[in-house]
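Novice: Just add 3 to the spot in the sequence shown (first one is 1) and you have this note's numbering.
C-beta: ideal position from N, C-alpha, C; glycine also.
The structure follows.
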Amino acid sequence: MKAKNLIISKTASLIGTQFFSVFLSLWIVNNYSKASMLSLSLSLTSIITVIFTLFGGAASASTKIITILCVLDLFSMGLCLVSATMWLFGATSRTATYIILTTVNSLLSLNSSFSGPIFKKLTGIIVIKDKILKYNEILSASKEIVRLVVPTITSFMYAAGWINAFLALTINGISFLISFISIYNLKKFNTSIGNVKEHIHPHFREAFTVVFKKKDNFDKYLNIFLLYIFISGINVLVPFYTVHVLKSSWFYGVLETSQSLGAIMAISTFKFYKVDISLYKERIGLALSALFLALVVPTQSKVIFTIDMSILAFYYLRYNVAFESYLQLKFKNSVLGEVYSLYYGLTSIATLIGNTLIGIVGDYNANLCFLIVSLSIVLINSTVFITLLKVKK
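Laid out in structure tokens, this is it:
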């Protein structure tokens, strides 16, 4: 029951966030002809994430982590509803809308970055180790169902002119209210958070040591850091590419849906195609799917684009589930919040680099940018072949 509350909280907030995120991306690329305008908006969120992830890691040592999560959800709900009201009563110009949407998106990243390590710490306390992989699979399934349905609906509504900033902000605000209720209800249960002495003190030094001084941990963190630079770049490139190169706003929704279908397929294969916490199979899959993705540039084929985004999402979800399961299984709960804080901090820095880089190169040449992203993902993950050859020897 307690794990169910965690899943409901994450799923509810994701529905609102996904609706708002798709609207934000489509609104910006349709109102501005530069990829850098979207990358600027996303980069601001990355800067805040880098800063507040560290605070979240420290706060995860608190005995009041449920209260902290509740306060963050209430803050996010209030921010969305107040901003929606401001927009409704006059701030509807293009510049005003951009400022409101970008500001809200940046401040909402404060919630996700600050609460991320805390939520993972709470998960480590509530969900027993033997159930971690199953919990991650269920949570991933619920997330991907949301990512399958919401972008399609949002893109269709945007193309039809049925949504505006007020509706996007309001739906996001309501989703945080539902998340708040789910987390608040955990106070009814005895999670024994207040009784566990090992969760009182921060352990950043210990977390830093086990992450960066153990080769296997360091290699995995380095790989995901490099991967995130270009995976995050896809979030800037895909909406810009579909609108300004392929000349189709609705096709962005199709690509979002295809990614979710690929992720759901990945979840459905967990029982007979086991997740590999060594990440070998997942990295090979990412390398091959990214190589195939590069064919979109010479062919300009929407079919190839759609199929390969699905394949890429298939292996990317497996990669994330494997990596998070690795963290939750290999590190003890006393440092888990801090370990996740380092993880989120590094990926946020990578996202900032990726958003900025792809925005600049995309404005210069979208097709060149597409090739750089695809082939970089291939190169980053192709090192796994060298590792496998060494293992065989």
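#1: In the stretch 70 to 155, which residue ranges form an unbroken alpha helix (DSSP H) of at least 4 residues, counting only runs that do not cross its ends?
#2: In whole angstroms, what is the alpha-carbon distance linking I174 and G236?
#3: Could you check how far apart the C-beta atoms of L229 and C372 are, in whole angstroms? I think they sit under 8 angstroms.
#4: Spatial neighbours of R97 within its chain, please: CB distance less than 8 angstroms, with the 5 preceding and 5 following residues excluded, ordered by chain position.
#5: What number of angstroms, rounded off, separates the C-alpha of F122 from the C-alpha of L72?
#6: Using CA atoms only, rank isn't needed, just tell me which of I310, F169, V306, S337 is closest to F92.
#7: With contact counted as at least three CB pairs below 8 angstroms, one residue from each stretch, are the stretch 27 to 42 and the stretch 345 to 362 in contact?
#8: Select from V364, S118, V32, G164 the residue whose C-alpha is nearest the C-alpha of V246.
#9: Quick one: measure Cβ to Cβ for L57 and G348, integer angstroms, because I've assumed they're closer than 8 angstroms.
#10: So for I166, helix, strand or coil by DSSP?
#11: Spatial neighbours of Q21 within its chain, please: CB distance less than 7 angstroms, with the 5 preceding and 5 following residues excluded, ordered by chain position.
#12: Among K216, K274, I181, which residue has its Cα nearest to the Cα of I18?
#13: What do you reckon, are the CB atoms on L264 and A293 nearer than 8 angstroms?
#14: Mark K223 as exposed unless 16 or more other C-beta atoms lie within 10 angstroms of its C-beta, in which case mark it buried.
#15: What did DSSP end up calling L332 once you bin it into helix, strand or coil?
#16: Tell me whether F78 counts as near the ligand NAD, meaning its Cβ is closer than 7 angstroms to at least one heavy atom of that ligand.
#17: Can you give me the C-alpha to C-alpha distance between L249 and P242, rounded to a whole angstrom?
#18: The alpha helix (DSSP H) that contains L296, what's its start and end?
#19: Let's test the definition: count the other Cβ atoms within 10 Å of the Cβ of D127 and tell me whether it reaches 16, buried, or not, exposed.
#20: Alpha helix (DSSP H) containing A269: first to last residue?
#21: Can you grab the Cα-Cα spacing for the pair Y322 / I232, in whole Å?
#22: For the putative contact between K132 and L332, defined by C-beta atoms under 8 angstroms, what is the C-beta separation to the nearest angstrom?
Specialist: According to the structure data:
#1: Whole alpha helix (DSSP H) segments, 4+ residues: 97 to 129.
#2: 26 angstroms
#3: So it is not a contact: roughly 17 angstroms between Cβ atoms.
#4: N34
#5: Cα-Cα distance, rounded: 8 angstroms.
#6: Here the closest residue by C-alpha is F169.
#7: The stretch 27 to 42 vs the stretch 345 to 362: in contact.
#8: V32
#9: Contact annotation, L57 with G348: C-beta distance approximately 6 angstroms; criterion of less than 8 angstroms satisfied.
#10: coil
#11: The beta carbon of Q21 sits closer than 7 angstroms to those of V149, R150, V153, P154, all from its chain and outside the five residues before and after it, given in chain order.
#12: I181
#13: no
#14: buried
#15: helix
#16: Summarising the ligand content, the structure contains no ligands, and the ligand NAD is consequently not present.
#17: 10 angstroms
#18: 283 to 296
#19: For the sequence presented, residue 127 should be read as Gly rather than Asp. Classification of G127: buried, given that the 10 Å Cβ count is 16 or more.
#20: Where A269 is concerned, the enclosing alpha helix (DSSP H) stretches over 253 to 271.
#21: 15 angstroms
#22: 7 angstroms
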